[in-house]
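Numbering (this note's numbering), first residue to last: 28 to 221.
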Amino acid sequence: MKNFIRFMLRCFLRLIKIRVAFQMNEADYPAKSIYVSNHVSWLDPVIMFAFLPNDPIFFLHPRLYRNKWLRLFLYKAEVVEYNYMDAADAKKAIELINQNRSCVMFPEGCMTNTGEIMKVYEAPAVIADRTGAVLVPIWISGAEYSPFSETDFHQPHRLFPKIKVRIGMPHDIRMDEKLKKNRDYLRDLTYHQR
């Protein structure tokens, strides 16, 4: 059933001029991976659900998670509410990814309202370092001109803009051991000075 829904979504999204380009064969993307993407519209998670391999888990900001229309399109996807500032949510994400799963994260946390990149949180890189997962960059362009974006005052909107999604090569992110030791040392030092 899930595969049929994804197939129908792919057909519909291609019909409204959404094009997805992979930089390598879809079947070669590792099962344990974190797809990280810019976040320009409400369509972003739906596009990911339709096209990404390995049936990823979606870690969505509480505002996205609670949107009824978005959940309707993602009702067959595994969706988890995720707050980038909550350590408990990061721990839950690490546990799920350690089950050899892939996931989708939007490092900006929330959707842009200017079309530009918002503040980027380091959570995906930290989780990749802790789990040994690879990071797969995704860039979405054109969706900021759709009625599903929040760039009303910054970008002209069209009913069916041409949307391009580029899915890059996997990158193995490992924090240098020396940096890890320095980070732990600074954390302990700060704790003892309280």
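Beta carbons are placed, not taken as given, at the ideal position from N, Cα and C, and that holds for glycine.
Rounded to whole angstroms, how far is the Cβ of residue i from the Cβ of residue j, which I believe are closer than 8 Å?
i	j	result
K59	I124	7 Å
M138	P151	That pair is no contact at about 17 Å.
Taking the Cβ atom as the reference point for each residue, do residue i and residue j lie within a distance shorter than 9 Å?
i	j	result
L42	I190	no
S64	P164	yes
P197	R128	no
P80	E53	yes
I167	V192	yes
V67	A170	yes
Along the chain, where does the alpha helix (DSSP H) containing residue i start, and where does it finish?
i	result
A69	Correcting the residue type first, residue 69 is Trp in the shown sequence and not Ala. Unbroken run through W69: none, as it is neither H nor E.
A155	150 to 158
Where does residue i fall in DSSP's three states?
i	result
R33	helix
C137	coil
F100	helix
R128	coil
F39	helix
R90	helix
Y212	With a pLDDT of only 47 at Y212, under the threshold of 50, the placement of this residue in the model should not be trusted, and no figure is reported.
Relative to the C-alpha of residue i, which residue among the options is closest?
i	options	result
Y172	I200, W166, V161, H184	H184
K103	K119, N110, F76	F76
D116	F86, H66, E149, F34	F86
R46	N81, D199, I194	I194
F39	I74, A54, Y62, Q126	I74
F31	F78, A120, M145	F78
Could you give the first and the last residue of the continuous beta strand (DSSP E) run that contains residue i?
i	result
K191	190 to 194
L79	It is not in any beta strand (DSSP E) - L79 carries neither H nor E in the DSSP assignment.
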